[in-house]
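Q: Converting from the sequence shown to the working numbering requires adding 147 to each position, the first position being numbered 1.
Beta carbons are placed, not taken as given, at the ideal position from N, Cα and C, and that holds for glycine.
Computed from a predicted structure; not experimentally measured.
Here it is, the structure in full.
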Amino acid sequence: ASFDGGWIDLTKGWGEATACWSKGESTACFRTEAEMDRTMNARSNGPTPLASCSSSLRLYRSTGFAGGVLNLTTQNTYINLSAYGFDNDTSSYRVGACAAAFYDGANGGAPLYPGATGAGASASSMAAGWDNRISSVYIT
């Protein structure tokens with residue numbers, strides 16, 4: 148992922164980054180969620196790719212929408228969180244304009260997360276027994 152003029156391998160750690168934004172073919176990381184939001188808003192003036200949701204799925208490392216945040220938009224494919232160093236690391240979330248499904252295993256491996264993940268859903272903590280358990284997501 149690009150970060151601060153260089154590159155970081157998210158599978159080996161995020162270093163000083165606390166927010167990463169992936170649209171599938173590229174990933175960019177930032178020091179803060181506010182910096183990520185400013186950059187995303189500046190870039191969103193053009194057309195949205197067909198394989199990308201108009202607003203993102205945000206996964207947070209801590210409860211209460213705190214800690215590191217992974218911002219995803221790619222639709223209609225399983226997204227393995229291990230590729231972003233975020234496997235088994237979700238404690239809260241915000242679903243954007245497109246519904247999502249969360250899975251315990253890679254590539255949509257069962258079981259399916261039982262909490263609300265429809266468009267616009269959010270949870271400041273995961274359903275009982277699901278803290279730090281999500282390994283893959285699917286955005287529809």
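Can you give the Cα-Cα distance for K159 and G232, rounded to whole angstroms?
A: Here the question's residue 159 lines up with position 12 in the sequence shown. Here the question's residue 232 lines up with position 85 in the sequence shown. Taking the straight line joining both Cα atoms gives about 7 Å.
Q: At what residues does the alpha helix (DSSP H) containing T186 begin and finish?
A: For this step, residue 186 is matched to residue 39 along the sequence shown. 180-190 is the extent of the alpha helix (DSSP H) around T186.
Q: Can you pull the DSSP bridge partners for R205?
A: Position 58 of the sequence shown, counted from the start, is the residue given in the question as residue 205. According to DSSP, R205 bridges with N218, R241.
Q: Taking 8 Å as the cut-off, decide whether the C-beta atoms of L204 and L228 are in contact.
A: Residue mapping note: residue 204 aligns to position 57 of the sequence shown, counting from 1. Residue mapping note: residue 228 aligns to position 81 of the sequence shown, counting from 1. Going by C-beta atoms, L204 is not nearer than 8 Å to L228.
Q: Tell me whether S271 sits in a helix, a strand or coil according to DSSP, three-state version.
A: Taking the first residue of the sequence shown as 1, we reach residue 271 at position 124. DSSP places S271 in coil when its eight states are reduced to three.
Q: Take N223 as the anchor and find which of W154, G153, Y285 has the nearest alpha-carbon.
A: As a working mapping, residue 223 is identified with position 76 in the sequence shown. Nearest C-alpha to N223: Y285.
Q: Taking the CB atoms as reference points, tell me whether G215 and T165 lie closer together than 8 Å.
A: Within the sequence shown, the letter at position 68 stands for residue 215. Within the sequence shown, the letter at position 18 stands for residue 165. Yes, these two residues count as a Cβ contact at 8 Å.
Q: So what's A253 in DSSP terms, helix, strand or just coil?
A: For the purposes of this step, residue 253 is taken as the residue at position 106 of the sequence shown. It is helical.
Q: Check T165 in the structure and name its three-state DSSP category.
A: The residue given as residue 165 occupies position 18 in the sequence shown. If DSSP states are grouped into helix, strand and coil, T165 belongs with coil.
Q: Is DSSP giving T195 helix, strand or coil here?
A: In the sequence shown, the residue the question calls residue 195 occupies position 48. Summary for T195: the model assigns pLDDT 47, below 50, so the residue's position carries little reliability, and this model does not support an answer.
Q: Contact check, S239 vs S209 under 8 Å by CB: the rounded distance?
A: Translated into positions along the sequence shown, residue 239 becomes position 92. Translated into positions along the sequence shown, residue 209 becomes position 62. Their Cβ separation, rounded to whole angstroms, is 7 Å, which keeps S239 and S209 in contact under 8 Å.
Q: As a quick exercise: from N235, G262, A270, pick the residue whose alpha carbon is nearest that of A253.
A: Translated into positions along the sequence shown, residue 253 becomes position 106. Nearest of N235, G262, A270 to A253, Cα basis: N235.
Q: Given this structure, state the Cα-to-Cα distance separating A263 from S269, to the nearest angstrom.
A: Taking the first residue of the sequence shown as position 1, residue 263 is located at position 116. Taking the first residue of the sequence shown as position 1, residue 269 is located at position 122. Their Cα atoms are separated by approximately 7 Å.
Q: Within 10 angstroms of its Cβ, does T287 collect 16 or more other Cβ (buried), or is it exposed?
A: For the purposes of this step, residue 287 is taken as residue 140 along the sequence shown, with counting starting at 1. Label assigned to T287: exposed.
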